[in-house]
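K.L.:
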Amino acid sequence: VMRDKFIESNTKETVDAKIKEEELLKETDKSKYVIISDIAGNGKSSLMKSIQKRLLDKKHLCWVYLVDLKQFVGDFDEIDEDVDFQDFFKDKIMADSKEHEKLIFDHFYKYRKVMILLDGYDEVSPKYSKPVLNLVKSFKAQSGQLWISTRPHLNDDIQKSLEVKDSYTLKRLTVDEQK
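Count along the sequence shown starting at 1, add 53, and that's the number in this note's numbering.
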């Protein structure tokens, strides 16, 4: 069960720290960014879906939206350094949403009650790394919380670009832990 999956912090100070998903949410509650970094097939996307479900099940008073970045690759050409996250999100990510859903998003965004889960940063072409990070930085200028999943080879670049100290990796579960 995903709710019992352990997370390990990648910070230099707490390399041996192991926490469960619920504890991760509490620990990162005040963080602007949360980076989940691990190898392919180790459960990053599953964790992101579980986090979204957990927050929606709790009727958490924020807008929680999971974005599979590779679905929007064609839109990344339009991102420049002056990108407005809110406009891009409504125009591109929520393009198929109804108008009232966009108005609800605007309300939550205005009051800094938005949690965006960006899944698959590592699956986006290197050509779009900088535009995607520009988009993420424009979110920082606003408020809310943004999670990013990636593979380890891109983790340091993301941390440096966003000035994020911590990142997390998923603990490899034993066969008994998977039951």
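Ideal placement from N, C-alpha and C gives every residue a C-beta, glycine not left out. A quick note: this is a predicted structure, and the numbers were derived from the prediction, not measured.
1. Tyr164 by DSSP, collapsed to three states: which one?
2. For the beta strand (DSSP E) that contains Ser202, what are its first and last residues?
3. May I ask which residues mark the beginning and end of the beta strand (DSSP E) holding Ser178?
4. If you draw a straight line from the alpha carbon of Tyr153 to that of Val136, how long is it in whole angstroms?
5. Between Leu122 and Leu171, which are expected to be in contact by the criterion C-beta below 8 Å, what is the C-beta distance as a whole number of angstroms?
6. Quick check: the Cα distance between Val129 and Lys180, rounded to an integer number of angstroms?
7. Tell me the DSSP bridge mates of Val120?
8. Checking 8 Å against the spacing of the C-beta atoms, do Ser90 and Asn208 come in under that value?
9. Looking at the secondary structure, which residues open and close the beta strand (DSSP E) in which Ser90 lies?
10. By a C-beta neighbour count over all protein chains shown, 10 Å radius and 16 as the cutoff for buried, is Tyr86 buried or exposed?
11. Helix or strand or just coil, what does DSSP make of Lys73?
12. Whose C-beta lies closer than 7 Å to the C-beta of Phe158 among residues of the same chain, with five residues either side of it excluded?
13. Hey, Asn187 and Ile104 are a contact pair by Cβ (cut 8 Å); roughly how many whole angstroms apart?
14. Would you say Arg204 and Ala93 are within 8 Å of each other, going by their C-beta atoms?
15. Would DSSP call Lys106 helix, strand or coil?
16. Go to Asp140, then tell me how far its alpha helix (DSSP H) extends in each direction, as first and last residue.
17. Could you give the distance in angstroms between the alpha-carbon of Gln212 and the alpha-carbon of Phe161?
P.N.:
Taking the geometry as given:
1. Secondary structure of Tyr164 (DSSP, three-state): coil.
2. 198 to 203 is the extent of the beta strand (DSSP E) around Ser202.
3. No beta strand (DSSP E) contains Ser178, which DSSP labels as neither H nor E.
4. Correcting the residue type first, residue 153 is His in the shown sequence and not Tyr. Note on geometry: alpha-carbon atoms of His153 and Val136 lie some 23 Å from one another.
5. 6 Å
6. Correcting the residue identity first, residue 129 is Phe in this sequence and not Val. Going by the C-alpha atoms only, they are around 9 Å apart.
7. Leu171
8. Ser90 places its beta carbon less than 8 Å from that of Asn208.
9. According to the DSSP assignment, Ser90 belongs to the beta strand (DSSP E) that extends over 86 to 90.
10. Buried: at least 16 other Cβ atoms inside 10 Å.
11. strand
12. Trp116, Lys143, Met147
13. That pair is no contact at about 24 Å.
14. For Arg204 and Ala93, yes; Cβs fall inside 8 Å.
15. helix
16. 138 to 141
17. Rounded to the nearest whole angstrom, the CA to CA distance from Gln212 to Phe161 is 26 Å.
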